Every structure is written in structure tokens, then in C-alpha cells.
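Input: a single structure, listed below in C-alpha cells.
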Amino acid sequence: MGANPEGLSLNLATTRQQWDMRQAVEACVRHGVTAISPWRDQIAAIGLDEAVRIVRANGMRLTGVCRGGMFPAADKAGRAAALDDNRRAIDEAAALGADCLVLVAGGLPRGSKDIAGARDMVAEGILAILPHARASGVPLAIEPLHPMYAADRACVNTLRHALDICEAAGEGVGVAIDVYHVWWDPELAEQIARAGRMGRILAHHICDWLVPTRDLLLDRGMMGDGVIDLRGIRRMIEAAGFRGPQEVEIFSSQDWWTRPGEEVLRTCIERHDTLCRA
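See the structure below:
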């Protein structure tokens, strides 16, 4: 009967070089995948109204929309522009009925060395957009990124830090746990359990960490090709109360983005079925 796609969501970054959003949804339908997570540029490429129509017509669940965040900026105008863009992202996620809007915090403003100040801007930015998110019914999912991205992409680098922000912000803010970014953390088990007690796990992203890694951004591995204990982390996440889909998110300029989309999706389903279930 083949591999079972139940419990898998396709983050559309995984096939962004092969398919647009419409084509990706069509492929998911062919393979029995019922959940996706699109990126905002992919939504914009076909138009929000058409994206909504496609999602509804095919009964797709959106495990998230990628992405909001990027709060730090060198001046007030830049920070205000970031807030406006995040409010637009919330509106898009609401229109699509997404489970959450994923937030990538943002790194240091241009010319800055003040990472503590950048982290303050992130916390302040989340508090500023939170009323709009609550009113729109869109949970905000902070995704801590690996420390190698602290300067340019995300100065929130541990699950502990993300949960501290959630605790301060209150209702409507949770976390997206991406194994690529947190697998190395010695506090991972403790912080996943904490997230479960707080009821803050909103998404679970999977791929693998290759050894060696050829590119710090664009060389994520297919599940099973690297060193991450995917099944062990999933057990922690389910023990913490989250049993939502596992979202495959792979950036792979030298490998999976060069292969036919059908091969990529079929491999995602097979690896998820055999390697990732708790």
C-alpha cells in the first residue's frame, strides 16, 4: 500500500524550486497529504484570494504560514514598517485559516553589536502585534533558530528564551519547534516539557542535520540522512501533549531542490512514515 502520509505536513519551502503553491497542493492531493505550510512569497505569487480558494477547494489544513517577525531595525521607521508587515502577515494567515503565523525574530540591526537590545526589540514587537493577532484568531509561533543565525536572522536561539517571551506575553503566543534549530540543546527535553505544561507548542518542523554541512542555510538534510534523533524528539513532543502534524521543511540548494518534485514528496512521505513517528 506504500508509505502512510498521515500526520505529515509539507512546508512548501521543501519544493519551492519545483512547484508553485497551486502545483504543490495538487501534488499533495495526489499523494494523500492533507496539510501544508506556505511561505508568504508563494501566497503573493498566486494572490491571496486564489490561495484561499485552493486551500478550501482541496480541504487543506495549514499548519502555519511562514513567516512574520524580523522585528529589530536601526530606527523607529524601520521598526514601524516591520510591525505593519507583521499585521499584514496576520491578516493573510487569518484568511487562510492557518494554525499559526511562524515568527522568525530577526537579528542585529545594520551596524549594531547590541544583541541584548535586538532581543528587547523582538519582545516589544511581539507585544505590539499581539492584540491584532488575538483579534484575528491567529496564534503567533516563535521559532527559535540555531545560534549560527543570531546575527542576521534570529536573536532568539533557544527554546528556553522563546518560552520566556511567551510567558511574558501571555495568551496567543507559542513556539514552533524545528528540530534543525534545537536538536543540539542540552535543555531540550526540559524545555519541551515546559512548553507542554504551558500549552505553547503550536508546530513541529522536521528535517535533518548533515555532517558535514556544506551551507549553513541551504543544506538541510532529508530525514534519516543526518544525526538528529527525530523519533526521540517526537516522543518528547507527544509526551508534552502536541500530536499535530510533523511539518517537513527542507532548504537544499545542492540536493533536494534539484530533484523532481514527485521524488521529493514521495521521499518525505516514506522517511516520515519509517523514521519520524514516536
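First residue of the sequence shown: 1, per our numbering; consecutive thereafter.
Ideal Cβ positions, reconstructed from N, Cα and C, are used throughout, including at glycine.
Nothing here was measured: the structure is a model prediction, and the numbers come from that model.
| query | result |
| --- | --- |
| Exposed unless 16 or more other CB atoms sit within 10 angstroms - verdict on residue 206 | buried |
| Complete alpha helix (DSSP H) runs within the region 38-71 (minimum length 4 residues, chain order) | 40-46, 48-57 |
| DSSP beta-bridge partners of residue 11 | 37 |
| CB-CB length for residue 35 against residue 107, believed under 8 Å | Contact doesn't hold; Cβ gap of about 30 Å is too wide. |
| Rounded Cβ spacing between residue 121 and residue 71 (contact assumed at less than 8 Å) | 5 Å |
| CA-to-CA distance, residue 256 to residue 189, given in whole angstroms | 30 Å |
| Check whether residue 96 and residue 52 have beta carbons under 8 Å apart | yes |
| Inter-residue CB distance, residue 33 and residue 64 (contact presumed, cutoff 8 Å) | Actually they are not in contact, since the Cβ atoms of residue 33 and residue 64 sit about 15 Å apart, beyond 8 Å. |
| Cα-Cα separation, residue 260 to residue 191 | 38 Å |
| Close-in-space but distant-in-sequence residues of the same chain around residue 68 (CB under 6 Å, 5 per side omitted) | 86, 89, 101, 103 |
| Collapsed DSSP secondary structure at residue 91 in the structure displayed | helix |
| Cβ-Cβ distance between residue 152 and residue 249 below 8 Å | no |
| For residue 247, three-class secondary structure by DSSP | strand |
| Residue 112 to residue 123 span [Cα, whole Å] | 18 Å |
| The beta strand (DSSP E) enclosing residue 142, as first and last residue numbers | 140-142 |
| Bridge partner(s) assigned by DSSP for residue 101 | 65, 140 |
| Under the three-state DSSP convention, the category residue 261 falls into | helix |
| Whether residue 240 touches residue 196 by CB criterion (8 Å) | yes |
| Beta-carbon contacts of residue 172 that lie in its chain and below 7 Å, excluding the five residues immediately before and after | 130, 133, 134, 139, 140 |
| Own chain, CB closer than 8 Å to residue 22, minus 5 neighbours either side, in chain order | 46, 50, 54 |
| Own chain residues within Cβ distance below 7 Å of residue 1, not counting five before or after | Confidence at residue 1 is low in this model, with a pLDDT of 47, below 50, so its placement is unreliable and no value can be given for it. |
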